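**Student:** Quick note on numbering: the sequence shown equals residues 1 to 436 in the UniProt record's numbering.
For glycine and all other residues, C-beta sits at the position ideal for the given N, C-alpha and C.
Bear in mind that the values here come from a model prediction, so they are computed numbers and not experimental data.
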Amino acid sequence: MFVIFHLVLGLLLLNQGFAKIYAVLIVCFGFIHILKSKNSRQQAVLWSAYLAGSDVLFRMSKGMIFHELHKYVIAAYLILALIVEKDKKAISPIFIFYILLLLIGIAFSEIPYPESIRKAIAFNLSGPISLGLISLYFYKRSISIKKILEILFFLGLPSIAMMSLLYFKTPDIRDIVFGGVANFAASGGFGPNQVSTVLGVGAFALAVHILFKRNYTTFLIFDVILLIYIFYRNLLTFSRGGFLTAVFALVFFATFFIYSKRNRLKSALKYIGIVCFFGLALWLYTSDVTGGMIDNRYSNRNASGIKKEDVTSGRTDIFDSELEGLFQNPIFGMGVGSGKYKRIEETGIVIASHNEMSRLLGEHGTIGILILLILFVVPIFNAMGQPPYAIAFLGAFFIFWFLTINHSAMRVSFPGFIYGLSLIRITLKDENTLHR
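Given below as structure tokens:
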């Protein structure tokens, strides 16, 4: 029923008024449910997962009340859950320290008049601070595999609605002109990078359910069809970042998932054969539909088939400018939000950072290095000693976070949420199950 509802929802979200009402109702019902249930069965996580997956969906359907809403609401859900739940969890000081380190950079911000200092700081820090608050909830929290699958189910639902919305909103695929760059027309007129990221999340959620032989829809065949179609729509965005992120996360997950099985070789051969067959068929079909342009896109060629010099679509230049900011201001960096205006001053072009790592280095200096060390070391140490099936999930979550912040920074709420999931302790049994 959930899947059918979200297929219909994609059509309904074409109406901007309905999109706003639905977005507000979701946020309100989430708060009410968490308060009434006292987070007895991780309700806050399920609502947060849905919001993390629906961030881009509501933006592209004009349903957002304000741009960064979901980052704030997800953090509020999880902090509220910490307050109201009966079994109180100890809060690690490491992420309180992380948040305090982020705030230091505000003192060194140089935002030119008449630009809004508040907006510049909120745009650049809402994602990282939200990640810190989310991590306070998840760090070392025990969550069962059954609950993780439920979390992934709700995380992936908005991508089903997005897939439906794209079907109704975009022109006929044969009428779209594809070239050697990301395609806005095939992405519903919204940012291909962000659309591709969300579709990749949906594909991952579906694939994990298939591997665990848990139906996402009613029947396995429907799950497979949905998975193939989501990958197809993802390819059509011509955004390589979101597609490849999902592929890398899935490959990592499948590797450790198969390793945790007894009949590893048989399982590996079966899955590799199936993936190669359907993957090749999907690629050939997409290549035919796009007139071979998808081949050019992933081989870094333009529409004429000429090899491009820069595989990063200009992101290297932004990365270099932010590293220059680090070298010029090694201790405290340029200050939060200052990188964008430095680039305007030097090039005359308005370009926001696409890489959260280089932004942290350029705008926070040496403190940014310490922030990155915390973000890398904590999940790695958390994963150590956990069994292969747990590492499959934790590693995939970490890969999603790392690759996403490297191609689209922290513009949406998803990276912060998925990073939080990389900090959990995974159990086979449901922690909330009562035993006599």
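By the three-class DSSP mapping on this structure, what secondary structure does arginine 240 have?
**Tutor:** Helix.
**Student:** Can you determine whether any heavy atom of the ligand NAD sits closer than 7 Å to the C-beta of isoleucine 106, and answer yes or no?
**Tutor:** For the ligand NAD, the structure offers nothing, since it holds no ligand at all.
**Student:** Return helix, strand or coil for serine 144, following the three-state DSSP convention.
**Tutor:** In the structure shown, serine 144 sits in a strand (DSSP, three-state: E or B).
**Student:** May I ask which residues mark the beginning and end of the alpha helix (DSSP H) holding arginine 411?
**Tutor:** Run containing arginine 411: none; DSSP gives neither H nor E here.
**Student:** Residue 492 by DSSP, collapsed to three states: which one?
**Tutor:** Past the edges of the chain, shown from 1 to 436, lies residue 492, and the structure says nothing about it.
**Student:** Which residues in the same chain have their Cβ closer than 8 Å to the Cβ of threonine 427, if we skip the five residues on either side of it in sequence?
**Tutor:** Hits under 8 Å: Ser142, Ile143, Ser144 and Ile145.
**Student:** Have a look at isoleucine 367 and glycine 105 and give me their C-alpha separation to the nearest angstrom.
**Tutor:** Those two C-alpha atoms are separated by around 9 Å.
**Student:** Check each candidate in Tyr139, Ile274 and Phe190 and name the one with the smallest Cα separation from methionine 162.
**Tutor:** If we check each option's Cα against that of methionine 162, Phe190 comes out closest.
**Student:** Tell me, please, which residues DSSP counts as bridged to isoleucine 426.
**Tutor:** Answer by DSSP bridge pairing, in chain order: Ile143.
**Student:** Given 8 Å as the limit, is there contact between the stretch 66 to 83 and the stretch 162 to 171, that is, 3 or more CB pairs closer than that?
**Tutor:** Output reads no: the stretch 162 to 171 does not touch the stretch 66 to 83.
**Student:** Can at least three beta-carbon pairs, one atom from the stretch 53 to 65 and one from the stretch 34 to 41, be found at a separation below 8 Å?
**Tutor:** Verdict: no, contact absent.
**Student:** Taking 8 Å as the limit between beta carbons, can you name the residues of its chain near leucine 149, skipping five residues before and five after?
**Tutor:** Hits under 8 Å: Val208, His209, Phe212 and Arg214.
**Student:** Might you give, ordered along the chain, the residues of its own chain that have their beta carbon closer than 8 Å to the beta carbon of serine 109, omitting 5 neighbours on each side?
**Tutor:** The answer, listed in chain order, is Ile117, Ala120, Ile121, Gly335, Val336, Gly337 and Ser338.
**Student:** What does DSSP give as the partner residue(s) for lysine 307 in the beta ladder?
**Tutor:** Paired residue(s): Arg301.
**Student:** Roughly how many angstroms separate the alpha carbons of alanine 383 and phenylalanine 393, rounded to a whole number?
**Tutor:** Their backbone Cα atoms lie some 10 Å apart in a straight line.
**Student:** Can you give the Cα-Cα distance for alanine 396 and leucine 361, rounded to whole angstroms?
**Tutor:** Rounded to the nearest angstrom, the two C-alpha atoms are 25 Å apart.
**Student:** Check whether the Cβ atoms of leucine 240 and tyrosine 285 lie closer than 8 Å to each other.
**Tutor:** According to the sequence displayed, residue 240 carries arginine and not leucine. No, the Cβ-Cβ distance between arginine 240 and tyrosine 285 is not below 8 Å.
**Student:** Starting from the Cα of glutamate 309, find the closest Cα among Asn300, Phe222 and Asn296 and give me that residue.
**Tutor:** Nearest C-alpha to glutamate 309: Asn300.
**Student:** State buried or exposed for alanine 182, treating a residue as buried only when at least 16 other CB atoms are found within 10 Å of its CB.
**Tutor:** Alanine 182 should be labelled buried.
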